[in-house]
Structure formats: C-alpha cells, structure tokens
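K.L.:
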Amino acid sequence: MKLLHQFSRTVPRWSTSLNCFSTTSMAFRVEKDTFGELQVPDDKYYGAQTSRSIINFPIGDRQSERMPLPVIKGFGILKKAAAEVNKEYGLDSKIADAISKAADEVISGDLYNEHFPLVIWQTGSGTQSNMNTNEVIANRAIQLLGGKMGSKSPVHPNDHVNKSQSSNDTYPTAMHIAVAVEVHNTLIPGLKKLHDALDAKANEYKDIIKIGRTHTQDATPLTLGQEFSAYVTQIKFGIERIETTLPRLYMLAAGGTAVGTGLNTRIGFAEKIAAKVSELTGLPFITAPNKFEALAAHDSMVEVSGALNVIACSIMKIANDLRFLASGPRCGLGELSLPENEPGSSIMPGKVNPTQCEAITMVAAQVMGNHVAVTVGGSNGHFELNVFKPMMVANVLRSIRLIGDSCVAFTDNCVVRYFFHPSILQLILT
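So the sequence shown is numbered by the working numbering: it starts at 4 and just counts up by one.
And the structure:
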C-alpha cells in the first residue's frame, strides 16, 4: 500500500491551472475571450480560448493524447492558403503576408511542442484546435509586425486568420489534408517497400516445390513462389484500395463555413482555397461538390479506415504464415528460419522468437480496433455536423503511421533476411 501510494504521487497528472506545462514559475499576460479574462503564459503564442480548453479538458496524458502533428500542419496549410486568397479579396497585404509567414512556422512543425497543447478530447468539431491555430498564428504575426502579443492588433485571430472560415469547415479540411499527405508520405512508401521485398522472395523461390496446406492439413504441392505470390498480391491490392479512397480525401470542406451554405464567404472562395492548398501540397485537392455532406458526414474517413482495416487483415495473415512456417527449430515445421535479431527468453538461453511477426500482428490488431472507433464516429454525424472529428482523424492517422512504420521494420528486419530450408521442404514432400 505504501509503494502504491508513492507511485501514485509520481504519476504526472493534468493541472487545471494554466501553469500545467511547467514546474517553474512563469510570467503571464492577460487575454480575453467572450467569456472573460484569463492569464496566459507570456512565452506562448496561444491565447485565451486555448487556455480555457486546457482547463476544461484535462483528459489523458497530454503528450500521447495531443492533437496529431499532421492535423496541425494541415491547419497551417489551410490558414496560409486562406490568407493568400483573402488578400485577393482585399485583406491588407501586410496582415496577409504576416499570417502567411506565421503559418509557415506552423507547417514546419517548429511551433508544435510549445504552442499546441490541446488534446483530441475536446469539442467534437475541433473548435478549440481551430482557435488554438488562429491564436498562435495571430500572435506570431503580431510579433513579426512589431506589435504586442495578446493585443489582437494589428492581426486578429478571428477577423483575419479565421476570415471566411468556421471551425465546422476548417477542421474537416485539415483532416483531409493531414490524412492525404500522410497516405502519400508514410503509408504507401511502407506498403510498396514490403510489396517489393515479398515480390523479390517470390521470384527467388519460384522453382522450389513444397507441400501446400489447407485447413492446416497437408494438401497438394505448389511452388514456394506461388505461395508467396498470394502475399504479394494482397499487398498490391491493399495499395490499390488505399489509392481508390484518395479522390474523396482530395475534396475539401473549406468554404462551407457553419452548416455548408458558405455564409460569410465570397463567391469563388471555396474554389480558390482548394486550388491554393493543392499548390502548397502538390496534391490534387478540389473543393467538395457538396459542403453539407463534407460537414455532416465523414464517410471518406470511414472509407480510408476501412481500406486500412483490410491491409491489417492482410499483414496479419502474412506474418502468421511466416511465423508458423518458422516454428521449431526442432519440433515445428521449420521450413524457414527468421533472422535472429535479439535474445528471446530470460530463462531459455539461445531461444530466438519471431519478434517482427509479433510486432506487426499487434499493429494489425490495433488498426482493427481503430477502425471500430472510426466506424462509430462516422455513424454518429447528427444533422448538419459530425462531432466526432478529432477522434476519427486521430485514429486514422495512428493506423497510417503504425502500418507504414511496421511495414518498413518488418521488411528490413525480417522479410529480406529470412531464408528457407530446401532440404526440409523436400523431406516433408517425401
């Protein structure tokens, strides 16, 4: 009981004060929102609404539950695009350019650790994170223009950074940007690496005959290359499934504002901002043809999560086959040997386990669980707005990162380094 008490005192907890990110004293400035004044740490670019969210949502560990970096980068891209489009519509060029420069720092990720403290467990529209971004960009822009942080002059977080926008259309836009970029940068490269390695193995072993197995029982022979061609095709189809989801991810909600009508935007704003986002990312983003669907439903997120779920099923099957074929070394199938990457037991010297297979199958299980959460969130869009947005995008991004990273690790530390035992294959056949 004493040990448990000591442990409980060492577990970091959220503080409901604004000093929750430091154990040392700090200077504060006073900022206000529509609810009143709040003290804000003087060295932070965020303002009153972010600070109020810190107080109101002390949920989970602030590092592991933080709004994902790709979403914040997506916001940065959107705010930069909006500033440049709003400049075309008459926003003061000095203000627009300062917003654009501040947004570049958000896009780079340099401001993430210190100035974006909010967790995903907040309002389901992501309003607090939209305002977090508006406040950070506004205060940084004010600083660039030689003004005083927190003054909201000459750059206002709502009137200038959030001009012609609503949290209801900005957050889903950031969601789509984040997921599309991560699919291209992390997921597809990892899958292609695994596909190519499996394909090389299929060609290497194309003439080796082995026993086939159905119902886990002996069946008719086939070649090792034929067996592996199934794995290659599974990953190939997985990549194709993901790529099939991209056209819907490229459709942006920006310009729909509060409920999809485009209230408080200029004619052509939606098309211009999508074109600007496309220019900034190099991806073919377009304005969503129906903004009401883009705000009220996130079927495109469920769709990409579903494709990730299929890939999880594929890698679970592939990794299971490999570890069972490598069972032994004396009393199992022993058809192949997996690389000896690390000791496998604290009690049995020399034992080596199929650790890469175990890691990637755990990833597959987690991705399947993530898909359940995304499905629940996607099915709960009520009337004109789905309010499960942060949870949905966080799970999709986690699945993308886990699959992309695990495919690279599985390829480098297992697939390219295992080898088969033709003598054992022949012995089993005869």
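Don't be surprised by glycine CBs; every beta carbon is placed ideally from N, CA and C.
#1: If you follow the alpha helix (DSSP H) that Glu387 is in, where does it begin and where does it stop?
#2: Are the CB atoms of Ser303 and Arg244 nearer to each other than 9 Å?
#3: Based on the DSSP secondary-structure assignment, which residues constitute the bridge partners of Glu40?
#4: At a cut of 8 Å, does the segment 69-80 reach the segment 176-183 through at least three beta carbon pairs?
#5: What would DSSP say about Ile350, mapped onto helix, strand or coil?
#6: When we look at the beta-carbon of Val307 and count the other beta-carbons within 10 Å, is it buried (16 or more) or exposed?
#7: Does DSSP put Val355 in a helix, a strand or coil?
#8: Could you tell me the boundaries of the beta strand (DSSP E) in which Ala329 lies?
#9: Give the single residue among His385, Pro352, Thr260 and Lys213 whose Cα lies nearest to the Cα of Leu430.
#10: Report the CB separation of Ala322 from Lys294 in whole angstroms; it is logged as a contact under 8 Å.
#11: Roughly how many angstroms separate the alpha carbons of Gly127 and Lys392, rounded to a whole number?
#12: Could you name the residues of the same chain whose beta carbon sits closer than 7 Å to that of Thr414, not counting the 5 residues immediately before and after it, in chain order?
#13: Given 8 Å as the limit, is there contact between the segment 277-296 and the segment 222-237, that is, 3 or more CB pairs closer than that?
#14: Ignore the nearest five residues each way along the sequence and tell me which others in Ala51's own chain have a CB closer than 6 Å to its CB.
#15: Taking just the CA atoms, how far does Thr364 sit from Gly263?
#16: Comparing alpha-carbon positions, which option in Val88, Met394, Leu266 and Met254 lies nearest Glu296?
#17: My understanding is that Ser317 touches Gln237, with C-beta atoms under 8 Å, so please give their C-beta distance in whole angstroms.
#18: Check whether the Cβ atoms of Arg65 and Ser167 sit closer than 9 Å, and answer yes or no.
#19: Is the beta carbon of Ala300 sitting closer than 9 Å to the one on Thr248?
#20: Nearest-angstrom Cα distance between Asn113 and Phe119?
#21: Which of the three DSSP states, helix, strand or coil, is assigned to Ala30?
#22: For Ala412 and Ser426, I'd like the C-alpha separation in whole angstroms.
#23: Would you tell me roughly how many angstroms separate the C-alpha atoms of Thr173 and Gly129, rounded to the nearest one?
#24: Got a sec, what are the start and stop residues for the beta strand (DSSP E) Ala222 sits in?
#25: Taking all protein chains shown into account, do 16 or more other C-beta atoms lie within 10 angstroms of the C-beta of Asn373, making it buried, or fewer, making it exposed?
#26: Is the beta carbon of Glu343 closer than 9 Å to that of Val355?
#27: Classify Thr284: buried if its beta carbon has 16 or more other beta carbons within 10 angstroms, exposed otherwise.
#28: When burial is assigned at 16 or more other CB atoms within 10 Å of the CB, is Ser44 buried or exposed?
#29: Where does Val262 fall in DSSP's three states?
#30: Per DSSP, what kind of secondary structure is Ser25 in: helix, strand or coil?
#31: Using only the alpha-carbon positions, how far apart do Pro346 and Thr358 sit?
#32: Between Gly193 and Asp408, is the Cβ-Cβ spacing less than 9 Å?
#33: Can you check DSSP and say which residues form a bridge with Thr176?
#34: Helix, strand or coil: how does DSSP classify Arg269 here?
#35: Could you tell me which residues DSSP pairs with Ile212 in its beta bridges?
#36: If Gly149 sits next to Val109, beta carbons under 8 Å apart, how far is it from one beta carbon to the other, in whole angstroms?
P.N.:
Quick look at the numbers:
#1: No alpha helix (DSSP H) contains Glu387, which DSSP labels as neither H nor E.
#2: no
#3: Lys35
#4: yes
#5: coil
#6: buried
#7: coil
#8: Unbroken run through Ala329: none, as it is neither H nor E.
#9: Lys213
#10: That pair is no contact at about 42 Å.
#11: 6 Å
#12: Lys196, Leu197 and Ala200
#13: no
#14: Glu34, Lys35, Asp36 and Leu41
#15: 41 Å
#16: Met254
#17: 4 Å
#18: no
#19: no
#20: It should be noted that the sequence gives Asp, not Asn, for residue 113. Between Asp113 and Phe119, the C-alpha separation is close to 11 Å.
#21: coil
#22: 29 Å
#23: 9 Å
#24: Gln220 to Thr226
#25: buried
#26: yes
#27: buried
#28: Inspection of the sequence shows that residue 44 is occupied by Pro rather than by Ser. Flag for Pro44 reads buried.
#29: coil
#30: Unreliable placement is indicated for Ser25, whose pLDDT of 48 sits below 50; the coordinate value is still reported in the next sentence. In this structure, Ser25 counts as coil in the three-state DSSP scheme.
#31: 10 Å
#32: yes
#33: Paired residue(s): none; Thr176 is not in a bridge.
#34: coil
#35: Thr226
#36: Not quite, the Cβ-Cβ distance comes to about 20 Å (not below 8 Å), so this is no contact.
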